[in-house]
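*Asks:*
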Amino acid sequence: MPPNGGCTALPLPLLLLLSPLLPLHSLANAGSLEADVAALADFRLAADPSGAALASWNLSANSAPCGGSWRGVTCAGGRVTRLVLEGLGLSGAAALPALARLDGLRVLSLKGNALSGGIPDLSPLAGLKLLFLARNALSGPVPPSLGTLYRLYRLDLSFNNLSGAVPPELGRLDRLLTLRLDSNRLSGGIDAVALPRLQEFNVSNNLLAGRIPAAVAAFPAAAFGGNAGLCGTPLPPCKDEAQQPNASGAVNASAARDCPPAAAMVASSPSGRPAGAEAPGSGKGKMSRAAVVAIVAGDFAVVGLVAGLLFCYFWPRLSGRRGGRRLQQGEKIVYSSSPYGAAGVVAAAGAGGATFERGKMVFLEDLSCSNGGTRRFELDELLRASAEMLGKGGCGTAYKAVLDDGTVVAVKRLRDATAAAGASKKEFEHHMAVLGRLRHPNIVPLTAYYYARDEKLLVYEYMPNGSLFSLLHGKSSAPAPLSHHTPSNRGPGRTPLEWAARLRIASGAARGLAYIHQSGRRGSGTPKLAHGNIKSTNILIDKFGLARLADCGLAQLGSSPAAAAAARSAGYRAPEAPPPPRPWASHKGDVYAFGVVLLELLTGGEVD
-4 MPPNGGCTAL PLPLLLLLSP LLPLHSLANA GSLEADVAAL ADFRLAADPS
46 GAALASWNLS ANSAPCGGSW RGVTCAGGRV TRLVLEGLGL SGAAALPALA
96 RLDGLRVLSL KGNALSGGIP DLSPLAGLKL LFLARNALSG PVPPSLGTLY
146 RLYRLDLSFN NLSGAVPPEL GRLDRLLTLR LDSNRLSGGI DAVALPRLQE
196 FNVSNNLLAG RIPAAVAAFP AAAFGGNAGL CGTPLPPCKD EAQQPNASGA
246 VNASAARDCP PAAAMVASSP SGRPAGAEAP GSGKGKMSRA AVVAIVAGDF
296 AVVGLVAGLL FCYFWPRLSG RRGGRRLQQG EKIVYSSSPY GAAGVVAAAG
346 AGGATFERGK MVFLEDLSCS NGGTRRFELD ELLRASAEML GKGGCGTAYK
396 AVLDDGTVVA VKRLRDATAA AGASKKEFEH HMAVLGRLRH PNIVPLTAYY
446 YARDEKLLVY EYMPNGSLFS LLHGKSSAPA PLSHHTPSNR GPGRTPLEWA
496 ARLRIASGAA RGLAYIHQSG RRGSGTPKLA HGNIKSTNIL IDKFGLARLA
546 DCGLAQLGSS PAAAAAARSA GYRAPEAPPP PRPWASHKGD VYAFGVVLLE
596 LLTGGEVD
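By my numbering, the letter at position 323 of the sequence shown is numbered 318, and the numbering carries on one by one without gaps.
(1) Count the other C-beta atoms from every protein chain shown that fall within 10 angstroms of the C-beta of histidine 663, then say buried if there are 16 or more, exposed otherwise.
(2) Helix, strand or coil for phenylalanine 196? Go by DSSP, reduced to three states.
(3) Provide the residue span of the beta strand (DSSP E) that contains isoleucine 534, from first to last.
(4) Which residue comes first and which comes last in the alpha helix (DSSP H) that contains alanine 501?
(5) Using a threshold of 9 Å, state whether the C-beta atoms of tyrosine 145 and leucine 172 are closer than that.
(6) On a CA-only basis, which of Leu35, Val592, Met356 is nearest tyrosine 455? Give me that one, please.
(7) Do the CB positions of glycine 220 and glycine 183 come within less than 9 Å of each other?
(8) Since valine 454 sits in a beta bridge, which residues does DSSP pair it with?
(9) Serine 514 and leucine 524 look like a contact to me (Cβ under 8 Å); what is the Cβ gap, rounded to whole Å?
(10) Could you tell me the distance, in whole angstroms, from the CA atom of alanine 443 to the CA atom of asparagine 201?
(11) State the CB to CB distance for the pair alanine 380 and leucine 398, rounded to an integer number of angstroms; the pair is presumed to be in contact (CB under 8 Å).
(12) Does the stretch 384 to 392 come close enough to the stretch 421 to 441 to have 3 or more Cβ pairs within less than 8 Å?
(13) The alpha helix (DSSP H) with alanine 382 in it runs from where to where?
(14) Looking only at its own chain, which residues have a Cβ that is under 7 Å from the Cβ of alanine 50, when we skip the five neighbours before and after it?
(15) Could you say if the stretch 61 to 77 and the stretch 108 to 115 meet the contact criterion of at least three C-beta pairs nearer than 8 Å?
(16) How big is the Cα-Cα spacing for leucine 103 and threonine 76?
(17) Alpha carbons only, please: which of Cys390, Ile185, Gly293, Ile114 is nearest the one belonging to cysteine 226?
(18) Run through the stretch 98 to 151 for me and flag every whole alpha helix (DSSP H) of 4 or more residues, listed as ranges in chain order.
(19) Per DSSP, asparagine 156 is paired with what?
(20) Between which residues of its own chain and alanine 473 is the CB-CB distance below 8 Å, once the five residues before and five after are set aside?
(21) To the nearest angstrom, report how far apart leucine 91 and phenylalanine 38 are at their CA atoms.
(22) Tell me the DSSP secondary structure of leucine 80 in three-state form.
(23) Where tyrosine 457 and lysine 395 are concerned, what is the direct C-alpha to C-alpha distance, given to the nearest angstrom?
(24) Does the Cβ of arginine 371 have 16 or more other Cβ atoms within 10 Å, making it buried, or fewer, making it exposed?
(25) Which of the three DSSP states, helix, strand or coil, is assigned to serine 462?
(26) Based on the DSSP secondary-structure assignment, which residues constitute the bridge partners of serine 45?
(27) Just the C-alpha distance for lysine 530 and tyrosine 567, rounded to the nearest angstrom, thanks.
(28) To the nearest angstrom, report how far apart phenylalanine 127 and tyrosine 445 are at their CA atoms.
(29) What's the C-alpha gap between arginine 180 and leucine 593?
(30) Along the chain, where does the beta strand (DSSP E) that runs through leucine 174 open and close?
(31) If you follow the beta strand (DSSP E) that alanine 71 is part of, which residue opens it and which one closes it?
(32) So, under 8 Å CB-CB, alanine 504 and alanine 447 are touching, yes? Tell me the CB distance rounded to an integer number of Å.
(33) Going straight from the alpha carbon of alanine 189 to that of alanine 210, what length do you get?
(34) By Cβ distance below 7 Å, which residues in the same chain neighbour threonine 228 in space, the five residues on each side in sequence not counted?
(35) Do the stretch 129 to 145 and the stretch 161 to 175 make contact, defined as three or more Cβ pairs closer than 8 Å?
As structure tokens, then:
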């Protein structure tokens, strides 16, 4: 017995007996960062020979792809794990084969380029989880080798020139959540796409034919449109569906012609043989009842022994996983380098045992963000994202989250979630709907939210240039416009904002605040709304240099006393405001706080 008291080792003869049933594990990965650099160099030479799009890929000895300076390259554990190069005009038929050597790759997105040629054998990328090759000029068949990428969650090959049949090997990808093959020239049937976990599916605008499998029949008709040969739910029924029995039980003549002859049909006898046929082995060769019982008992003994040994071998591993399964709901597929480790947003929040109930992200309609709208995603994908804390405020903690395909969003985890938004779920959802209708160039748009009893997350468009506070007082990676005639509150190594930039920020914030106050005017259908927490840390700067108000309306959620006290910083609080434990927001209070921000802009002084 092993020292730990468990039966985790299997005898060698039994291992040899059961070896076909046990998973095979590959040897240690012999890949290296040097090999990854060589593969990336070959890809650049083939896809961007001029070097214009990938100029940051410095192939000199002093440059490393994992330093953060190589465009679209992300590393983890000293290997290239993510390559996201979208809409860069990359071209060439020899580019993709070079990437098949990046055997540590987890995410590959080359959407919106001009890559040509066929899709190469990507089976060496055994750990690949997301593959986006949409909107290129790829041709040839869908390679069957894609069916070996068992870890794949998202596969998008849409808007190319792919032809041939959908390979049946795709049916092995039972983890697949997204499958997009639309707008190609694929032909044949789609039985291979009957995958159990699909959430996003589209095969429209091809040359496909045949009956739609029941496993994907719940998707809308638009997912199958543009294929004249497809039939069945949700499209019009197939012709053979009309060959149903009539009221008297008779079958149409056309259907009867397809029935096998009576002589070929199996008789309905208990033995499965035609009636009157003598059972083989009957008569003198018949075994005794005792012999049959002995054989059956021996079979059960062998099966029980094998089952017991397998139980002893696998149980310690399974039980060790189950202990933390509920806590680590979002930690199952973390593969990106996060400063907070595997727990992503949850661990970064310091949840201390917080769990996520089963629920969905609620996306708000009529998205008009500057980036064309936020891609929809599920809670599991958000929890898998790498998380970087941006700051803590009275309403909660904000994080920068990078999703599987490289999309960047800002996530706010509401502080004291059981008390924050202490209102009912219905009241919370109503308030989120009100905030979701706030669409203005000077307001950070709320795009989605997640509600559970002990956890509430808000998803916003990410603002890459930090806050007004960081530009005025703190350290920031965002470049500030230069000036020699501005207040001298620079801090170490700081260059203050020029007056034109300060005026532009002030006027933008004023427009956003006026929009919030006017959104609840009579006849608009929206209740009177105030920001409730105007301060320089809540004025963010987008990628175009425009000022945007953040945390709009969150002060009215009825947060805990501690959060309410922190939300209204003393320096920005109007004289008529009640003591901090009481939640309070008004138009007059917003105007007072905005006046303090103007003084902050004028003097460069930090508010106490």
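Every residue, glycine too, gets a C-beta built ideally from N, C-alpha and C.
*Replies:* Answer, in terms of the structure:
(1) Within the shown structure, residues of the chain are numbered from -4 to 603, placing residue 663 beyond reach of any answer.
(2) Assigned with DSSP and collapsed to three states, phenylalanine 196 falls in strand.
(3) Element bounds for isoleucine 534: 534 to 536.
(4) According to the DSSP assignment, alanine 501 belongs to the alpha helix (DSSP H) that extends over 494 to 513.
(5) Between tyrosine 145 and leucine 172, the C-beta spacing is not below 9 Å.
(6) For tyrosine 455, the nearest C-alpha among the options comes from Met356.
(7) No. Outside cutoff.
(8) Under the DSSP definition of a beta bridge, valine 454 partners with Val406, Ala443.
(9) Yes, serine 514 and leucine 524 are in contact; Cβ-Cβ is about 6 Å, under 8 Å.
(10) Straight-line Cα distance between these residues: approximately 33 Å.
(11) Indeed, because the Cβ distance is near 5 Å, the residues count as touching under 8 Å.
(12) Segments in contact, no.
(13) The continuous stretches of alpha helix (DSSP H) do not include alanine 382, which lies in the beta strand (DSSP E) extending over residues 381 to 387.
(14) For alanine 50, where only same-chain residues beyond five positions count, there are no Cβ hits under 7 Å.
(15) Cβ pair count under 8 Å is below three, so no.
(16) About 9 Å.
(17) That would be Ile185, whose Cα lies nearest to the Cα of cysteine 226.
(18) Within the stretch 98 to 151, no run of alpha helix (DSSP H) reaches 4 residues while sitting entirely inside it.
(19) Ser134.
(20) At alanine 473, the pLDDT of 39 sits below 50, so the modelled position is not reliable; the number obtained from the coordinates is stated separately. Closer than 8 Å at the Cβ level, and outside the excluded window around alanine 473, lie Pro459, Asn460, Gly461, Ser465, Leu466, Ile536.
(21) One C-alpha to the other measures close to 7 Å.
(22) DSSP places leucine 80 outside both helix and strand once states are collapsed to three, so it counts as coil.
(23) If I take the Cα positions, the gap works out to 7 Å.
(24) Burial call: exposed.
(25) For serine 462, the three-state secondary structure derived from DSSP is strand.
(26) None; serine 45 has no bridge partner.
(27) In a straight line, the C-alpha of lysine 530 is about 7 Å away from that of tyrosine 567.
(28) Those two C-alpha atoms are separated by around 27 Å.
(29) When only Cα atoms are considered, arginine 180 and leucine 593 end up about 60 Å apart.
(30) 173 to 175 is the span of the beta strand (DSSP E), which, as asked, contains leucine 174.
(31) Unbroken beta strand (DSSP E) run through alanine 71: 68 to 71.
(32) About 33 Å; that fails the 8 Å criterion.
(33) Computed Cα separation, rounded: 5 Å.
(34) Excluding its 5 nearest sequence neighbours in each direction, threonine 228 has C-beta neighbours in its own chain below 7 Å: Ile207, Ala212, listed in chain order.
(35) Note that the stretch 129 to 145 touches the stretch 161 to 175; at least 3 beta-carbon pairs, one per stretch, sit closer than 8 Å.
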